Amino acid sequence: MAASKLVNCLLIVLLVNIVTGEVIRKPQLREDNEDDEELNSEHDPGEPPPNDFLVRQTINSIQTQIKRYKCHSCEPPDCSRLTTCTNAIQCWKSRVRESSGEESVTRGCTTDSEQLPLICRTPSVTIQHKRQASGQFQIDCCVGDYCNDGSFPELPPLYTENVNPYSDSFMYGLKMVAAVLAPVVVLSSLGIMALYFLRRYHRNRLCTESRLDPDMYYATDDLLRATAAGDSTLREYLEHSMTSGSGSGLPLLIQRTLAKQISLVECIGKGRYGEVWRGVWHGESIAVKIFFSRDEASWSRETEIYSTILLRHENILGYIGSDMTSRNSCTQLWLITHYHSLGSLYDYLNYTSLSHQQLMRLCLSMANGLVHLHTEIFGTQGKPAIAHRDIKSKNILVKSNGTCCIADFGLAVTHFQSTDQLDIGANPRVGTKRYMSPEVLDETADIYALGLVLWEICRRTISNGIAEDYKPPFHDVVPSDPSFKI
1 MAASKLVNCL LIVLLVNIVT GEVIRKPQLR EDNEDDEELN SEHDPGEPPP NDFLVRQTIN
61 SIQTQIKRYK CHSCEPPDCS RLTTCTNAIQ CWKSRVRESS GEESVTRGCT TDSEQLPLIC
121 RTPSVTIQHK RQASGQFQID CCVGDYCNDG SFPELPPLYT ENVNPYSDSF MYGLKMVAAV
181 LAPVVVLSSL GIMALYFLRR YHRNRLCTES RLDPDMYYAT DDLLRATAAG DSTLREYLEH
241 SMTSGSGSGL PLLIQRTLAK QISLVECIGK GRYGEVWRGV WHGESIAVKI FFSRDEASWS
301 RETEIYSTIL LRHENILGYI GSDMTSRNSC TQLWLITHYH SLGSLYDYLN YTSLSHQQLM
361 RLCLSMANGL VHLHTEIFGT QGKPAIAHRD IKSKNILVKS NGTCCIADFG LAVTHFQSTD
421 QLDIGANPRV GTKRYMSPEV LDETADIYAL GLVLWEICRR TISNGIAEDY KPPFHDVVPS
481 DPSFKI
């Protein structure tokens, strides 16, 4: 406001001076042209013209007429040393915030009117920005003695953006997890859908087959035939099933359809008797031992032994059933048992070294199973004493809990103490030569073979930090397929 008044006064003075000069100079030009020429010739070209001199004098006189004040003055950043500024046109105080966030305050005055637009007419920068590169400042100007006393002007709060230093890495990790999990979820969904449709198709196929051939799924009068109880009951069932082409075993009405309810998945072993497959029955994995047709005697004998009452034991391979079926115009003899994913003891020892605790668990469970076989149980439904006659590491399976169970009863014999009857069976097969005892058919044959298996287990047990490689018994004496000749 004061500056605008000052400018107006200057303009009025200039106009009055110009008009006055013109009025005075016109008569003089008319009367004394020669005097004007003399004055012009006498004027020093280095000095300002008379009109400019008058303007300067007028401005100086106006400036001397403007009221002067006293102001407080101090230096940034903390304005600790306060002094007095005299002959001031205006007083001011300011607060400045640098881009780094540091603040400083100062007081001062303006003694020259030309400085007023630079200080008091400059707009303050107090706007909040996310990224303030030039800082912020606020200037308060006033007129009066020591009017710049008091508190300094305030700036808006410093903008603080909640920046998580881990946000970028977190988002990157989240994207990586999503990129990995998305295909897995999609493939899993597709697999579940495919499995659902396959099970549905299999169920529909079974329903269709049951409608086409109901005799294969439902009992008929021919199957319900009474048989006198006794030792020959099981043999009569087997003879009837083998001559009729149906399945065999104690639960006869169920086992006639057992082969059709099993889906073979993969072959897990082969031997001289045939093959062993992993199958699926009612959604669970089972083991299917498929005999060659020439080994029907072994299949019949093993089925008979497995069907012995009170044979079930935690260290004897669990038996599900037997069946006779036709695949690709070939007769197949199936023996269905529980499935153990660790395989035989022979395979287990080839790729696993044992601790002392594992050694004790394997040996104790194997001995328990053999004791149960050899023990005769008396009673209305007793169990005969059974000799395995083919104990070896390949005929012993390792369960998931680290224990063993005995399998393969194709060469087993039974003995009834009450009648002193020894049932050897009609199987022409002989046991494995490497594991045969010198007595061969003596009562201690299984114990001798068990000792060799224990030797195999002990060899693979870690002792003093070392476990020897797996070797079969007498590996340094006899070849891989030894004969009876010495």
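No gaps in the numbering here: position 294 of the sequence shown is 294 in my numbering, and each next residue is one more.
Positions of the beta carbon are idealized from the N, C-alpha and C atoms, including for glycine.
Predicted, not measured: the structure shown is a model, and the values here were computed from it.
From Lys-392 to Ser-263, what does the alpha carbon distance come to, in whole angstroms? As a working note, residue 392 is residue 392 in the sequence shown. As a working note, residue 263 is residue 263 in the sequence shown. Each residue's alpha carbon lies about 30 Å from the other.
Spatial neighbours of Ala-287 within its chain, please: CB distance less than 8 Å, with the 5 preceding and 5 following residues excluded, ordered by chain position. Walking along the sequence shown from the start, residue 287 turns up at place 287. For Ala-287, where only same-chain residues beyond five positions count, the Cβ hits under 8 Å are Ile-268, Val-276, Trp-277, Arg-278, Gly-279, Ile-336, Thr-337, His-338, Tyr-339, His-340.
Bridge partner(s) assigned by DSSP for Arg-95: What you label residue 95 is simply residue 95 of the sequence shown in a count that begins at 1. Val-105, Gln-138, per the DSSP bridge assignment.
Rounded straight-line distance, which links the Cα of Lys-394 to that of Val-453: As a working note, residue 453 is residue 453 in the sequence shown. As a working note, residue 394 is residue 394 in the sequence shown. Taking the straight line from one Cα to the other gives about 10 Å.
Kindly indicate the opening and closing residues of the alpha helix (DSSP H) around Gly-451. Counting from 1 along the sequence shown, the entry for residue 451 is found at position 451. It spans 445-459 - the alpha helix (DSSP H) in which Gly-451 sits, taken as one unbroken run.
DSSP three-state assignment for Ser-355, whether helix, strand or coil: Along the sequence shown, read from residue 1 onward, the residue named residue 355 stands at position 355. Coil.
Could you compute how far the alpha carbon of Asp-476 sits from the alpha carbon of Gly-379? As a working mapping, residue 476 is identified with position 476 in the sequence shown. As a working mapping, residue 379 is identified with position 379 in the sequence shown. So the two alpha carbons sit approximately 48 Å from each other.
Would Ala-385 pass as a contact of His-374 if the rule is Cβ separation under 8 Å? Position 385 of the sequence shown, counted from the start, is the residue given in the question as residue 385. Position 374 of the sequence shown, counted from the start, is the residue given in the question as residue 374. Cβ atoms of Ala-385 and His-374: closer than 8 Å.
Which two residues bound the contiguous alpha helix (DSSP H) that contains Glu-304? Position 304 of the sequence shown, counting from 1, holds the residue named residue 304. It spans 296-306 - the alpha helix (DSSP H) in which Glu-304 sits, taken as one unbroken run.
Spatial neighbours of Glu-266 within its chain, please: C-beta separation below 8 Å, excluding the five flanking residues on both sides. Counting from one through the sequence shown, the residue named residue 266 turns up at place 266. Correct list, in chain order: Trp-277, Arg-278.
Reference Pro-153; option with closest CA among Arg-203, Phe-170, Thr-111, Arg-95: Stepping through the sequence shown from its first residue, residue 153 is reached at position 153. Closest option to Pro-153, Cα to Cα, is Arg-95.
Local conformation of Asp-423 per DSSP, three classes: As a first step, residue 423 must be located in the sequence shown, where it is residue number 423. Correct three-state label for Asp-423: strand.
Supposed close pair Leu-349, Ile-466 - CB separation, criterion 8 Å: Your numbering for residue 349 matches position 349 in the sequence shown. Your numbering for residue 466 matches position 466 in the sequence shown. Going by Cβ atoms, the distance from Leu-349 to Ile-466 rounds to 16 Å, so no, they are not a contact pair.
Length of the line joining the Cα atoms of Gly-382 and Leu-311: As a working note, residue 382 is residue 382 in the sequence shown. As a working note, residue 311 is residue 311 in the sequence shown. Cα-Cα distance, rounded: 10 Å.
So, does the region 71-82 touch the region 102-113, judging by three or more C-beta pairs under 8 Å? yes
Hey, out of Thr-325, Ile-309, Thr-308, Ser-285, whose CA is closest to Glu-296's CA? By one-based count along the sequence shown, residue 296 stands at place 296. Considering only alpha carbons, the answer is Thr-325.
Name the residue from Ile-320, Ser-463, Thr-461 whose alpha carbon lies nearest to the alpha carbon of Ser-285. Here residue 285 corresponds to residue number 285 of the sequence shown, with the count starting at 1. It is Ile-320 whose Cα lies nearest to the Cα of Ser-285.
Cα separation between Lys-70 and Gly-135? For the purposes of this step, residue 70 is identified with residue 70 of the sequence shown, where counting begins at 1. For the purposes of this step, residue 135 is identified with residue 135 of the sequence shown, where counting begins at 1. If I take the Cα positions, the gap works out to 30 Å.
Roughly how many angstroms lie between the CA atoms of Val-143 and Arg-97, to the nearest whole one? Position 143 of the sequence shown, counting from 1, holds the residue named residue 143. Position 97 of the sequence shown, counting from 1, holds the residue named residue 97. Taking the straight line from one Cα to the other gives about 25 Å.
Quick check on DSSP: helix, strand or coil for Asn-87? Counting from 1 along the sequence shown, the entry for residue 87 is found at position 87. Three-state DSSP puts Asn-87 in a strand.
Can you tell me which of Arg-294, Phe-416, Asp-347 puts its alpha carbon nearest to the alpha carbon of Lys-399? Taking the sequence shown and counting its residues from 1, one reaches residue 399 at position 399. Nearest of Arg-294, Phe-416, Asp-347 to Lys-399, Cα basis: Asp-347.
How far does the beta strand (DSSP E) with Leu-397 in it reach, from first residue to last? Numbered from its first residue, the sequence shown carries residue 397 at position 397. 396-398 is the extent of the beta strand (DSSP E) around Leu-397.
Environment of His-372 [buried if 16+ CB atoms lie within 10 Å]: For the purposes of this step, residue 372 is taken as residue 372 along the sequence shown, with counting starting at 1. With 16 or more Cβ atoms within 10 Å of its Cβ, His-372 is classed as buried.
Starting from Ile-406, trace the beta strand (DSSP E) in both directions and tell me its first and last residue. Position 406 of the sequence shown, counting from 1, holds the residue named residue 406. Counting along the chain, the beta strand (DSSP E) containing Ile-406 begins and ends at 404-406.
Give me the Cα-Cα distance between Gly-451 and Met-176, rounded to the nearest whole angstrom. For this step, residue 451 is matched to residue 451 along the sequence shown. For this step, residue 176 is matched to residue 176 along the sequence shown. Their Cα atoms are separated by approximately 57 Å.
With H, G and I counted as helix, E and B as strand and the rest as coil, what does DSSP make of Ile-320? Counted from its first residue, the sequence shown places residue 320 at position 320. The answer is strand: DSSP assigns Ile-320 an E or B state.
Would you give the residue range spanned by the beta strand (DSSP E) that Leu-264 belongs to? Mapped onto the sequence shown, residue 264 falls at position 264. Run containing Leu-264: 262-270, per the beta strand (DSSP E) assignment.
DSSP on Pro-27, reduced to helix/strand/coil? Locating residue 27 in the sequence shown gives position 27, where the first residue counts as 1. Bear in mind that a pLDDT of 45 at Pro-27, under 50, signals an unreliable position, so the number given afterwards is only what the model happens to contain. In this structure, Pro-27 counts as helix in the three-state DSSP scheme.
Where does Ser-329 fall in DSSP's three states? Along the sequence shown, read from residue 1 onward, the residue named residue 329 stands at position 329. DSSP places Ser-329 in coil when its eight states are reduced to three.
Please classify Glu-114: is it buried, with 16 or more other beta-carbons within 10 angstroms of its beta-carbon, or exposed? Counting from one through the sequence shown, the residue named residue 114 turns up at place 114. Exposed: under 16 other Cβ atoms inside 10 Å.
Ile-309, enclosing beta strand (DSSP E) - first and last residue: In the sequence shown, residue 309 corresponds to position 309, counting from 1. From DSSP, Ile-309 is part of no beta strand (DSSP E); its letter is neither H nor E.
Backbone CA spacing between Thr-419 and Cys-405 [nearest angstrom]: Within the sequence shown, numbered from 1, the residue matching residue 419 stands at position 419. Within the sequence shown, numbered from 1, the residue matching residue 405 stands at position 405. Near 29 Å, if we compare the C-alpha coordinates of Cys-405 and Thr-419.
What three-state label does DSSP hand Tyr-201 in the structure shown? Sequence index remark: in the sequence shown, residue 201 carries index 201 (1-based). In this structure, Tyr-201 counts as helix in the three-state DSSP scheme.
How many Å lie between Gln-138 and Leu-155 at the Cα? By one-based count along the sequence shown, residue 138 stands at place 138. By one-based count along the sequence shown, residue 155 stands at place 155. Straight-line Cα distance between these residues: approximately 7 Å.
Out of Phe-170, Ser-463, Pro-183, Leu-198, point me to the one whose CA is closest to Leu-359's CA. Looking up residue 359 in the sequence shown gives position 359. Leu-359 has its Cα closest to that of Ser-463, out of Phe-170, Ser-463, Pro-183, Leu-198.
Span separating the alpha-carbon of Thr-84 from that of Gly-101: Reading the sequence shown from its first residue, position 84 is the one you call residue 84. Reading the sequence shown from its first residue, position 101 is the one you call residue 101. Taking the straight line joining both Cα atoms gives about 29 Å.
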